[in-house]
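Single-structure report; data block below.
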Amino acid sequence: MFKLMLVRFDRDKGVFEDQGFNQFCQNNNIIRVEKEFINNEGNIYYSFFIEYLPRKGSHFIPDMESLSELEQAQYEKLRDWRNELAANEGFPAYIIMYNSQIYEIVKKQPKTISDFSSIKGMKSKAEKYGEQIIKLLQEAVLEIEK
């Protein structure tokens, strides 16, 4: 499914009015987001083209206590990377990956791009982020071994 959303910049408050956008993203499984900055006669907007699937059922909550020391280090490394990437791209971190997807990546330890197909919602994202994720997992191993 697809949706186009405009998020307006409120000059008085100095913030984007993104509550509706954030709520939509929290309530759906986001596959892809394309954004465009718009300045129309001094009115500032972000236009978001969103490819999504409606969310069904409850959201999986990761069991952090079940992670080994290495898995916890990998989880933290991936989560920090995801948060930084999202901040640089200008949208919420869960659009890139949910915490539950990071958890599954750490548990399944993908070694190739095709390994991501077994992780819910990551098949389409593997082409874009897969190599970086695999590298980060390997870096965490080397850091633990020091």
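For what it's worth, the UniProt record's numbering labels the leading residue of the sequence shown as 1, then goes sequentially.
Where is the CB? At the ideal position from N, CA and C, for every residue including glycine.
Mind checking whether residue i and residue j have CB atoms under 8 Å apart?
i    : j    : result
R8   : N27  : no
V106 : Y75  : yes
Q101 : I119 : yes
K35  : G121 : no
W81  : L136 : yes
I95  : A86  : yes
Which of the three DSSP states is assigned to residue i in this structure?
i    : result
M5   : strand
E34  : strand
F91  : coil
D80  : helix
D115 : helix
Span of the beta strand (DSSP E) holding residue i?
i   : result
I50 : 43-54
Should residue i go down as buried or exposed, given a rule of 16 or more other Cβ atoms within 10 Å for buried?
i    : result
V15  : exposed
F48  : buried
M97  : buried
F116 : buried
A126 : buried
G42  : exposed
E71  : buried
E69  : exposed
Within the same chain, show all residues whose beta-carbon is closer than 6 Å to that of residue i, passing over the 5 residues directly before and after it, in chain order.
i    : result
G20  : none
A140 : A73, Q74, K77
S58  : Because S58 carries a pLDDT of 49, less than 50, the predicted location of this residue cannot be relied on, and the following value inherits that uncertainty. Here the set comprises nothing.
G130 : I113, F116
Could you give the first and the last residue of the continuous alpha helix (DSSP H) run that contains residue i?
i    : result
K128 : 123-145
I105 : 99-108
G20  : 19-27
For residue i, which residues of its own chain have a beta-carbon under 7 Å away from its beta-carbon, when the five flanking residues on both sides are left out?
i   : result
I31 : E51, Y52, L53, S124
E17 : V7, R8, D10
For chain B, is any of its Cβ atoms less than 8 Å away from the one on residue i?
i    : result
E131 : Checking the listed chains, one finds no chain B in this structure; it contains a single protein chain.
Is it the case that the CB of residue i approaches a heavy atom of the ligand PLP more closely than 7 Å?
i   : result
E65 : In the structure shown, the ligand PLP is absent, as is every other ligand, since no ligand is present at all.
Excluding the 5 residues preceding and the 5 following residue i in the sequence, name in chain order all residues of the same chain whose CB lies nearer than 8 Å to its CB.
i    : result
K108 : D115, S118, I119
N22  : P92
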